[in-house]
Amino acid sequence: MATSDEATDPGSRTVPSSHPDRPPRILVFDSGIGGLSVTREIRAARPDAELVYVADDAGFPYGDWEEKALTARIVDLAGRLVADHHPDVFVIACSTAATLVLPHLRAALAVPFVGTVPAIKPAATTTRSKMISVLATPGTVKRDYTRALIDTYASHIEVTLVGSTRLARIAEDHLSGRPVDDAAILREIRPCFRRHDGRRTDRIVLGCTHYPFLVDHFRRLAPWEVEWIDPAPAIARRVVQLLGPARAGTPTGRGLAIFTSGRPPTTALARVLDGFGLVVADERSAV
Ligand code: DGL
1 MATSDEATDP
11 GSRTVPSSHP
21 DRPPRILVFD
31 SGIGGLSVTR
41 EIRAARPDAE
51 LVYVADDAGF
61 PYGDWEEKAL
71 TARIVDLAGR
81 LVADHHPDVF
91 VIACSTAATL
101 VLPHLRAALA
111 VPFVGTVPAI
121 KPAATTTRSK
131 MISVLATPGT
141 VKRDYTRALI
151 DTYASHIEVT
161 LVGSTRLARI
171 AEDHLSGRPV
181 DDAAILREIR
191 PCFRRHDGRR
201 TDRIVLGCTH
211 YPFLVDHFRR
221 LAPWEVEWID
231 PAPAIARRVV
241 QLLGPARAGT
251 PTGRGLAIFT
261 SGRPPTTALA
271 RVLDGFGLVV
281 ADERSAV
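Mapped onto this note's numbering, the consecutive letters of the sequence shown carry residue numbers 1 to 287.
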């Protein structure tokens, strides 16, 4: 489990609610269902908050987008979402996006942004073997932001970067109730497991918010036991730092899920969304 706020981008400062008459509204954004791993922690930390979950599934997967085009797409979309939903906090629950667009979003929009970035610091400070791996999308592993995290927090240890082209899609299939293939999962995680000089990898950073939904498969298929580090709890802590704690006795807040494609989720995914208290927006309110 991540133990440091370094798993979130710490750029935003505490803000008073702009709408004190209603519970805080938190917008959680991802390219698909990955941000639900973050939503789960936010819901537990602030059950009273209103949630707006946005999956830009029309743009999925973000992992292999060209950086300039992806930045333009997300800044434009975020502008429309802020105008339509007036969130008190906007969570970029996608490392592929956050490692690229946070400075652009902060320059363009007057909303506090919290972003998930690979939890390299907690992995680097807790590893005993001094060998960690970062499992993420091809976009995240090549970002300057990721390189800077390694230079700052992990220059003294061996870091293996593994860019997976398939795992985000496999996680989408899994939550949508489609079968997933163990051999395909193992192929994607295998390069994370390294041996060197009698030592071996002991921490693997889940550098994409889709991956926590596959962690049971990862544990079962792993060649040896490691700690899988999920940044979601640190992100929820950062959101609570910004908004303050929930008031006792307030009822569970409403939740809305928006899919930019306007396509309805599968029955299995609809059940998952329902479990998070998210009602799927009809096509007309899709962006
Ligand atoms: N969930 C996203 C992340 O955290 C990426 C999935 C994608 O490739 O779109 O990086």
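Every residue gets a Cβ at the ideal spot worked out from N, C-alpha and C, and that includes glycine. If you're wondering where the values come from, they're calculated on a predicted model, not measured in any experiment.
Which class does residue i belong to by DSSP, given the choice of helix, strand or coil?
| i | result |
| --- | --- |
| residue 193 | coil |
| residue 109 | coil |
| residue 152 | helix |
| residue 30 | strand |
| residue 172 | helix |
| residue 62 | coil |
| residue 134 | strand |
| residue 162 | strand |
| residue 248 | coil |
| residue 74 | helix |
| residue 180 | coil |
| residue 157 | coil |
| residue 42 | helix |
| residue 127 | coil |
| residue 6 | Model confidence at residue 6 stands at a pLDDT of 49, short of 50, so the residue's coordinates are unreliable; what they give is reported in the following sentence. Helix. |
| residue 1 | Residue confidence is low: residue 1 scores 37 on pLDDT, short of 50, so the model does not pin down where it sits. Its coordinate-derived value is still stated next. Coil. |
| residue 232 | helix |
| residue 271 | helix |
What number of angstroms, rounded off, separates the C-alpha of residue i from the C-alpha of residue j?
| i | j | result |
| --- | --- | --- |
| residue 96 | residue 158 | 22 Å |
| residue 265 | residue 129 | 43 Å |
| residue 32 | residue 68 | 20 Å |
| residue 106 | residue 154 | 27 Å |
| residue 180 | residue 172 | 10 Å |
| residue 152 | residue 123 | 13 Å |
| residue 272 | residue 197 | 44 Å |
| residue 182 | residue 35 | 23 Å |
| residue 98 | residue 208 | 11 Å |
| residue 145 | residue 205 | 15 Å |
| residue 149 | residue 141 | 11 Å |
| residue 83 | residue 187 | 43 Å |
| residue 192 | residue 168 | 16 Å |
| residue 46 | residue 276 | 13 Å |
| residue 131 | residue 114 | 28 Å |
| residue 62 | residue 70 | 7 Å |
| residue 176 | residue 213 | 11 Å |
Would you say the beta carbon of residue i comes nearer than 8 Å to a heavy atom of ligand 1?
| i | result |
| --- | --- |
| residue 115 | no |
| residue 62 | yes |
| residue 30 | yes |
| residue 192 | no |
| residue 177 | no |
| residue 35 | yes |
| residue 207 | yes |
| residue 155 | no |
| residue 174 | no |
| residue 95 | yes |
| residue 275 | no |
| residue 210 | yes |
| residue 45 | no |
| residue 137 | yes |
| residue 236 | no |
| residue 140 | yes |
Identify which residue in the options has its Cα closest to the Cα of residue i.
| i | options | result |
| --- | --- | --- |
| residue 288 | 236, 56, 220 and 145 | Only positions 1 to 287 of the chain appear in the structure, and residue 288 is not among them; the question remains open. |
| residue 233 | 116, 105 and 82 | 116 |
| residue 90 | 174, 216 and 38 | 38 |
| residue 164 | 146, 137 and 177 | 137 |
| residue 229 | 113, 121, 64 and 26 | 121 |
| residue 64 | 175, 217, 143 and 211 | 143 |
| residue 28 | 85, 126 and 62 | 85 |
| residue 52 | 59, 30 and 62 | 30 |
| residue 231 | 92, 184 and 252 | 92 |
| residue 292 | 199, 279 and 166 | Here the chain comprises residues numbered 1 to 287, so residue 292 is not present and cannot be evaluated. |
| residue 243 | 119, 60, 225 and 49 | 49 |
In the DSSP output, what is residue i paired with across the bridge?
| i | result |
| --- | --- |
| residue 90 | 27 and 113 |
| residue 259 | 55 |
| residue 50 | 25 |
| residue 206 | 135 |
| residue 199 | 196 |
| residue 227 | 203 |
| residue 280 | 257 |
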